[in-house]
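Visitor:
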Ligand code: SF4
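In our numbering, the protein residues as written are 197 to 625.
(1) Measure from the alpha carbon of residue 459 to the alpha carbon of each residue in 487, 483, 616 and 305, then state which is nearest.
(2) Going by the C-beta, is residue 417 closer than 7 Å to any heavy atom of the ligand SF4?
(3) Could you tell me whether the Cβ of residue 379 comes closer than 8 Å to any Cβ of chain B?
(4) Spell out a yes or no on whether the segment 287 to 298 and the segment 450 to 459 are touching, meaning 3 or more CB-CB pairs, one atom from each, closer than 8 Å.
(5) For residue 657, which residues of its own chain have a beta-carbon under 8 Å away from its beta-carbon, when the five flanking residues on both sides are left out?
(6) In whole angstroms, what is the alpha-carbon distance linking residue 421 and residue 407?
(7) Given that a residue counts as buried once 16 or more other Cβ atoms are within 10 Å of its Cβ, and exposed if not, what is residue 493?
(8) Would the C-beta of residue 625 count as close to the ligand SF4, meaning under 7 Å from any of its heavy atoms?
(9) Starting from residue 564 and walking both ways along the alpha helix (DSSP H), at which residues does that stretch end?
(10) Which residues mark the beginning and the end of the beta strand (DSSP E) in which residue 502 is found?
(11) What's the C-alpha gap between residue 377 and residue 435?
(12) May I ask you to verify whether the segment 545 to 554 touches the segment 589 to 608, counting CB pairs closer than 8 Å and requiring at least 3?
(13) Measure the Cβ-Cβ separation of residue 328 and residue 308 and say whether it is below 8 Å.
(14) Take every Cβ of the segment 498 to 510, pair it with every Cβ of the segment 434 to 448, and state whether three or more of those distances are shorter than 8 Å.
(15) When DSSP labels each residue in this structure, what does residue 484 get in the three-state scheme?
(16) For residue 587, tell me which candidate among 524, 621 and 511 has the shortest Cα-Cα distance.
(17) Just the Cα atoms here: how many angstroms apart are residue 239 and residue 490?
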């Protein structure tokens with residue numbers, strides 16, 4: 197059953213899309229009509245007719261044989277889309293942001309989930325999505341929330357500029373669009389935190405626009421369907437073009453989600469279950485026996501490692517010293533256990549052991565805390581202290597951005613995963 201934002205946005209754009217389908221059907225009919233004179237028009241010369249028929253039969257046989265040996269999915273795209281949508285209607289995953297069949301999708305839910313799903317897997321996103329929806333059921337609630345509350349709710353999900361952009365975007369939608377998202381991908385792309393993929397996903401899923409979002413799952417399905425053997429990331433544009441040729445004029449959002457679900461459950465990175473695949477008959481990768489090798493990836497540059505120290509101060513009354521990181525940059529404005537600078541120079545990092553935020557006796561906690569960011573690995577040596585009530589800040593401390601928080605309240609703080617690892621490591625020592 198087609199989904200779309202028609203109830204909210206019964207615009208000209210939607211109507212004109214509906215008209216597009218018959219036009220395409222029409223052009224297919226014209227192509228068929230052209231074949232009629234060839235087969236039905238009698239020729240005056242008997243001998244020529246026989247010859248012509250003979251040649252045509254041979255050509256037809258050759259064509260049939262070729263296509264049976266190596267199917268070309270781009271020629272069967274309507275069939276492919278209809279098979280996949282049929283499968284999706286029966287097998288789709290239940291996700292908290294996904295509208296049930298026959299229900300108009302909620303653009304706020306679609307947008308929020310797509311922002312959270314950037315660089316993050318579905319399993320991790322589900323509890324965060326549920327938390328956000330229970331705290332801020334409508335986009336106006338989110339727009340009115342404080343930056344700090346949003347950072348707290350986002351803590352642990354990573355890529356923290358997404359949280360800042362989420363808030364900016366919610367405010368903009370409420371102030372300039374009366375709380376309604378624009379329906380076209382081009383306009384969505386102008387909003388904070390929304391890139392080409394997210395814009396296409398929102399347009400297709402929330403508003404049934406004929407847009408083609410291409411995420412990792414879709415990339416894999418398409419690379420296999422078309423047996424694209426050039427490596428990622430260079431081949432991204434080509435894969436997007438291939439994916440676009442498959443997008444049906446109607447139910448583009450369901451079709452995108454069907455490919456996502458197929459990629460997550462059947463066309464998996466390793467050992468895809470091709471025997472269960474509803475579109476295996478058009479899959480070139482499968483027919484060539486190379487599906488598991490696709491998509492290929494160019495070898496990545498190894499990530500550098502940065503080193504530093506973290507200073508865990510726990511007072512006898514149970515309070516822990518936290519520091520708010522500077523705005524902008526990595527983990528901008530998030531809370532942290534005070535740390536030294538992080539440097540790739542191991543020797544320099546050793547010297548930073550002498551830069552704690554409080555005066556007193558610090559002792560090293562055995563073992564290091566390791567964490568991986570997008571562009572580098574981090575290795576931190578942790579130091580502990582039990583400071584007295586009167587403990588003084590050193591010159592290395594950014595005292596104005598420091599605060600004491602009881603350890604029982606730490607779960608409510610905007611602490612990124614790496615900082616939670618440090619706290620765990622220090623408390624277990
Ligand atoms: S046939 Fe196999 S490789 Fe091809 S799309 Fe289906 S599951 Fe993926």
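Heads up, the beta-carbon is just placed ideally off N, CA and C, and yes, glycines get one too. No experiment lies behind these values; they were computed from the predicted model shown.
Guide: Taking the coordinates as given:
(1) What you label residue 459 is simply residue 263 of the chain shown in a count that begins at 1. If we check each option's Cα against that of residue 459, 487 comes out closest.
(2) Along the chain shown, one-based indexing puts residue 417 at 221. Yes, the Cβ of residue 417 comes within 7 Å of a heavy atom of the ligand SF4.
(3) In the structure shown, chain B cannot be found, because there is only a single protein chain.
(4) yes
(5) No answer is possible for residue 657: the residues shown for the chain start at 197 and end at 625.
(6) Here residue 421 is taken as the residue at index 225 of the chain shown, counted from 1. Here residue 407 is taken as the residue at index 211 of the chain shown, counted from 1. The alpha-carbon atoms of residue 421 and residue 407 are separated by roughly 19 Å.
(7) Locating residue 493 in the chain shown gives position 297, where the first residue counts as 1. Residue 493 should be labelled exposed.
(8) In the chain shown, counting from the first residue as 1, residue 625 sits at position 429. Every heavy atom of the ligand SF4 is 7 Å or more from the Cβ of residue 625, so no.
(9) In the chain shown, residue 564 corresponds to position 368, counting from 1. Here residue 564 belongs to no alpha helix (DSSP H); instead the beta strand (DSSP E) covers 559 to 568.
(10) What you label residue 502 is simply residue 306 of the chain shown in a count that begins at 1. That run of the beta strand (DSSP E) goes 501 to 509.
(11) The count along the chain shown starts at 1 and reaches residue 377 at position 181. The count along the chain shown starts at 1 and reaches residue 435 at position 239. For residue 377 and residue 435, the distance between alpha carbons rounds to 28 Å.
(12) yes
(13) In the chain shown, residue 328 corresponds to position 132, counting from 1. In the chain shown, residue 308 corresponds to position 112, counting from 1. Against a cut-off of 8 Å, the Cβ pair of residue 308 and residue 328 comes out as a contact.
(14) no
(15) The residue labelled residue 484 in the question sits at position 288 within the chain shown. The answer is helix: DSSP assigns residue 484 an H, G or I state.
(16) Counting from one through the chain shown, the residue named residue 587 turns up at place 391. Out of 524, 621 and 511, 511 has the C-alpha closest to the C-alpha of residue 587.
(17) Here the question's residue 239 lines up with position 43 in the chain shown. Here the question's residue 490 lines up with position 294 in the chain shown. In this prediction, residue 239 has a pLDDT of 35, which is less than 50 and means its spatial position is unreliable; what the coordinates show is noted afterwards. When rounded, the distance between both Cα atoms is 51 Å.
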